[in-house]
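Residue numbers (our numbering), protein chains in the order written: chain A, 408 to 784; chain B, 408 to 784; chain C, 408 to 784; chain D, 408 to 784.
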């Protein structure tokens, strides 16, 4: 099978090239790049010398030649390629935000400042977070060529951390969930800028776009979807959950760590008295119970690892892998569930998840091409 | 004036040496070290070659020779030195937790696993967060030799970020405040260990001691103190505030960035409707109002900088300085105040604040010895 | 085939586990660890959770069960395991220095302070730098169980950079070659120590063991071997070459970059006049000629990449791969060849090269298990 | 005294602002910036908030108002400002290469591709490496307004490491000296580019501009100057020395470490026999002798620290200080002197040295404004 990659010279595109070049079902890679058209991918990325070799084509050429097309472009320019793919009967996996909001064009355009160009394409698109949407992806794939709206990096780690809490009735109805995340600098892309200039971000830690990051509505939409599926867990009803999301820039290349604060439902709460004391036995036991439920929830997921109690999620343990690590904690009073999730922002947060989606669409082993074991350092 | 430093070869001790060596009122430094006794400070820290030179003495010798004694020791061993100082009429500034909890021995011993050895010393001690306790420090100093319980690094950045919100009635009564912090690795001290071994923490980000860090009760106690002083701001009364605190380790040497989530009091709240939209004008204006109140609150503080709107707190901007930078934000719904604070964990979070306390005790210019301008990189 | 790994919880051992777990010919991994015996490898290295799972056995158990045995131990303790393997007819691949010096016990013991315990084992051992010794490895393997003395990390990058210069008669007879190398911190191993404590090596660069590093005699011995094979290139004879080697510690996890200064043989020299001027056309052309000869020399090597002119070796491009990248340069006067080589110290410099050796010994595809494409960041 | 800074918003300019703001003789700072004219320095560099405050003027305004003018501009644009300063009787300290080559316009233009615009200005200019040129600087200053050509960052560390070897007759006549240096990323300036984009240089080490860096002729010229002054040390004459210089980029913000290989003069050489053995007593003793001579040579220099034997130069020990640290070593054969020098590229390598030059020109204490003690981490 021939895989096409539009936007192959950006960071997510280069990860797609690397991972697809090692995918057992992919026989050829055809990359496109507007900036470097006419050059070869191994000239732009000399790390590929002797390992991957391909000329950088025009996007149209890629669409024409490939069986499946990936696009790793800025938000707002994927629709034309999606349309061409649909017309030519090819599956299209988009890493931008263009297809993440389904038919909710109002939310998309409020945050991204653009309308949908071809709104009708959303009849063929699905949000590609496999752990939430695997069944829908498969169904849609059965009906013809489809478009995957591959999730944003932050929403992936955040949503996977929150999903069991809602599905299992652990989160309080109507709660405000706080997602506090730190990302490596590759999240900012390959284009040089002051913010990502080495001396400006080395040995430094700071939040950015506080209260205003575009991944907020994507997380929020995912909470709404989870809530709709959670009626069994909330017999008395589940009032809308809201999310506050703060991203930070950490001085490292890869990884997103999200620390997620989820107020516990009445049935799960413990009210340990003030002044604060180290976690009482009841708190530790409650944490273990919830941990077990999280572990059972994700038992059959190939890429979600609920870590053993005592082991805390860290970006270093998922580096270059498609895993999402989750650790489960309670605050000392037993009223707040604290979930830490770690992903590689460029793999599970971008290129790896896109390939996982491709595997689902084509009925390949979901792990195909994504079997890299994370290194210890 | 002669300054003694017990524990001078740990990281906080070495910072005391560096800063006191440049202090205009300090004529001599006498350091002590149990591990390196008999060596010279510039042998243990060759960065001091040609700049600071002193033999490492026994702690008793330091107490005998110095006019003011600093101790940068593990928690649990300062009391004997404090007692000796009181008996010899010398001021004692302690960087451990031994004197941070005043007469609340129960909380101290619950978290640190040790009783007070000389509980009566707390009659001469005060918690040394100058922005909260300047008046009390001065009063106590007027009455004879005193003991300063220098604050923990995380509680410093957290408390300074929360203080105006409570004092000005901005925080909701009874709220749970979430403090999500990231620290550089010097916070773990100089003793080698797996956790702080370079390959284990480089290019990695992770939380630690979730729901169980010892700085939680210190922040909580500070909230209670602030609340007691805030009656004017809460005519209808202020129910107890609680805190959830999660520290993270970031791959950098210095700095603590705290992102603090403070639910807004009724009077300050805006309820922007779901689904989330980018911050409306009303939200931006409300943020500006609160920013102005924060700026006015700290107007006369020499080391607190409330940054202009649009400028976000970052650890890189306070490196090697005693500043605490604060930026003021709202979430997109206008219901949560989000405060970011940045300090250098080894300066405002340890040695610098200790010197600030000394300056207050002796009536020196509070900035003396702490005028370093943070470098741009 | 079952692979045994003694010393599996050190950094090189953990890399062996990771790489062998993905090797197509290895059906099972049996790791041993003295420090963590009784635990499981995925408990010691949680990055292996869900990907590799194995109990940590005693070394004897590993020797008994495995078909091929790797040892990643401190120098001085491998001989007993090598002996056991020879007696049980199993191949033994040793990552320490115990078998790197063949029958030159004098040099070994002068630098490592230990005699050989079983000198006779050297009749079954070979130095495992495949690009120099592939034929010898194969021959020895044909004759029964063998011992591989896997090269040191620095000598690997240094020797591969120098080899063509000697083989092709480019280096001046009798020259002193300077090897100036920088290594990532994983080279110091997993045991915590002050030198590799994060705050001591972050944001810092320094040489160590100047004029006294144990890899010097290994590089020197390799030069002697290369010289013996180079008689055709030096019809007038080749006087002994000597080496000066300086290692540096760089603030990064992986990688070794060696900058190698090789005085040019008379026939290759250009004498561009002082004062120094930017490289003249003649210098650039000479560099291109030598580049072509280097590229041709390594044309069929699976893991050596002679980079195109204009592209300079960098550790980032070989991260997690078994490649050795080489770039070819001349100084501005045209008298000194400057070779830069980059390897991942833990892969081509340790575990990867050990597996490459295993592949040669067993007649597997030399690339088996080592096909990872280096990531772009 | 009023200090003007043209190019105040580049990295070297910002360091000038920071250091001059703390200089006891400077009463006011007037900065200029073409890129940010009309803004304030504390807006461009928020680290200056509350510490330094100044409007960014036009360069002409700065020349008119200041008593002494610093320029931190790209090479090729300083001459006009130098001319204006000379006409207005003001001293001009230039951090570019425009005045580093005295009347050797041929060398300057060969490497920088530009002719001198006002060659006659060199009658009023001097190369500002104080340890080599202090007397000449003072003499020239006595005769009216002068121009300082502040040295390049690499040539500073390289020249200070080599100077005693030539002056004391330790270096072999006619030798080729190799300077292998690693720099932090601030050396690349503030302008964003691919090379200095965080993900491209983090966790990576590589050489650049091999055999072709513009600092080569500057080092070479300094060697010639040292040689002319060293006739007493070489009674038999000193043939011209040449230099090969290779810079590397290290993943850190500040610092340059140079490892310098200097072939020993006949009288100093020891010929320890091959194969290489650990350094013999004779080698260690010879190293100590040379160390003593180095230490004595720099005994009265305020900013050069010849480290005690056993202590190796490291960039971390000079961070934010004007020190140049030097450690003295021999290779194991006793034929090559290996000198390691460490400077902060932005202080002794740029802004600090410029201020040191100002102090000399005006007869201030040479340490004024440069007393910062390097921090331990």
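Every residue, glycine too, gets a C-beta built ideally from N, C-alpha and C. Owing to the predicted nature of the structure, the values given are computational and were not obtained by experimental measurement.
Strictly under 7 Å for the Cβ-Cβ distance: is residue 609/D near chain A by that measure?
yes
Chain A contacts from the stretch 736-749 of chain B (Cβ-Cβ distance under 8 Å):
736, 737, 738, 739, 740, 742, 743, 745, 747 and 749
Cross-chain neighbours of residue 418/A in chain C, by beta carbon under 8 Å:
783 and 784
Length of the line joining the Cα atoms of residue 569/A and residue 589/C
44 Å
Residue 743/C - containing beta strand (DSSP E), residue span
743-750
Using a Cβ-Cβ cutoff of 7 Å, what residues of the stretch 711-722 of chain B are near chain D? List them in chain order.
712, 714 and 718
Restricting to Cα atoms, I'd like to know which of 453/B, 744/B and 499/B is closest to residue 471/B.
499/B
State the beta-bridge partners of residue 430/A as determined by DSSP.
The partner list for residue 430/A (beta bridge, DSSP) is empty, contrary to what the question assumes.
Which whole-angstrom value is the C-beta distance of residue 508/A and residue 514/A, which I expect to be below 8 Å?
5 Å
Rank 595/B, 585/B, 654/B and 609/B by C-alpha distance to the C-alpha of residue 617/B and give the top, closest one.
654/B
By DSSP, does residue 435/C sit in helix, in strand, or in coil?
strand
Could you tell me which chain F residues have their CB closer than 8 Å to the CB of residue 701/A, listed as they occur along the chain?
No chain F appears in the structure shown, which is made up of the protein chains A, B, C and D.
Consult DSSP for residue 754/C and reduce its assignment to one of helix, strand or coil.
helix
Alpha carbon of residue 705/B to alpha carbon of residue 634/A, nearest angstrom:
43 Å
Could you please give the first and the last residue of the uninterrupted alpha helix (DSSP H) stretch that includes residue 605/C?
605-608
With which residues is residue 508/C paired in a DSSP beta bridge?
Bridge partners of residue 508/C: none, in fact.
Using the rule of at least 16 other Cβ atoms within 10 Å of the residue's Cβ for burial, across every protein chain shown, is residue 732/A buried or exposed?
buried
Is there a C-beta anywhere in chain A that falls below 7 Å from the one on residue 660/C?
yes
Residues that residue 780/D contacts on chain B, provided the C-beta gap is smaller than 8 Å
425, 428, 429, 454, 455, 458 and 459
Could you run through the stretch 569-597 of chain D and flag, in chain order, every residue whose CB is less than 7 Å away from some CB of chain B?
593
Is the beta carbon of residue 486/C less than 7 Å from the beta carbon of residue 519/C?
no
If the cut is a Cβ gap below 9 Å, which residues of chain C does residue 447/A touch?
Chain C residues near residue 447/A: none, gap ~11 Å exceeds 9 Å.
Taking the straight line between their C-alpha atoms, what separation do you get for residue 639/D and residue 647/D?
15 Å
Output the boundary residues of the alpha helix (DSSP H) element that contains residue 539/A.
537-549
So who's on the other strand from residue 588/B, going by DSSP bridges?
654/B and 665/B
With a threshold of 7 Å between beta carbons, is residue 684/A in contact with chain B?
yes
Residue-chain proximity (residue 536/C, chain D), Cβ-Cβ < 7 Å
no
Within its chain, find whatever has a CB closer than 8 Å to the CB of residue 591/A; leave out the 5 residues flanking it on each side and keep chain order.
657, 659, 660, 661, 662, 663, 722 and 752
Within the 7 Å Cβ cut-off, does residue 618/C reach chain D?
yes
Taking the alpha carbon of residue 452/B as the reference point, which residue from 475/B, 423/B and 743/B has its own alpha carbon closest?
423/B
Thinking C-beta only, is residue 552/B closer than 7 Å to residue 355/B?
This structure gives no information on residue 355/B, because the portion of chain B shown stretches from 408 to 784.
Between residue 522/B and chain A, is there a C-beta pair that is closer than 7 Å?
no
Indicate the three-state DSSP secondary structure (helix, strand or coil) for residue 602/D in the structure shown.
helix
From residue 667/D to residue 757/C, what distance separates their C-alpha atoms?
29 Å
What residue ranges within the stretch 479-526 of chain D form continuous beta strand (DSSP E) runs of no fewer than 3 residues, ordered along the chain?
498-501
Which class does residue 737/D belong to by DSSP, given the choice of helix, strand or coil?
strand
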